[in-house]
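Step one of this worksheet: look at the structure below.
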Amino acid sequence: MASIHRETIQKQIQQDWANREYIEVITGSIKKITDFLNSFDMSCRSRLAVLNEKLTTLERRVEYLEAR
């Protein structure tokens, strides 16, 4: 009887460790995705800011040429 109880506890412990390892893998994957998305966001914002400056410059040139 005691050996069955011990085996049950050992199986529960092994399952718990397997679950913890799985959670750790998922957590690490989520962190990598989050890091990528944050990096992508910053890159896009930077590029859009540069494009916005170029568009503003072009708009000013067009307005200047139209005013002539």
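With the sequence shown counted from 1, adding 1114 to any position gets you this note's numbering.
Positions of the beta carbon are idealized from the N, C-alpha and C atoms, including for glycine.
Rounded separation between residue i and residue j - CA only
i, j, result
"Val1139", "Asp1149", "15 Å"
"Met1077", "Leu1162", "Past the boundaries of the shown model lies residue 1077; the chain is included only from 1115 to 1182, so the question cannot be answered."
Beta carbon proximity, residue i to chain D, threshold 8 Å
i, result
"Ala1116", "The question asks about chain D, but that chain is absent: this structure has only one protein chain."
Proximal residues to residue i (C-beta, below 6 Å), its chain only, five neighbours per side dropped
i, result
"Gln1124", "none"
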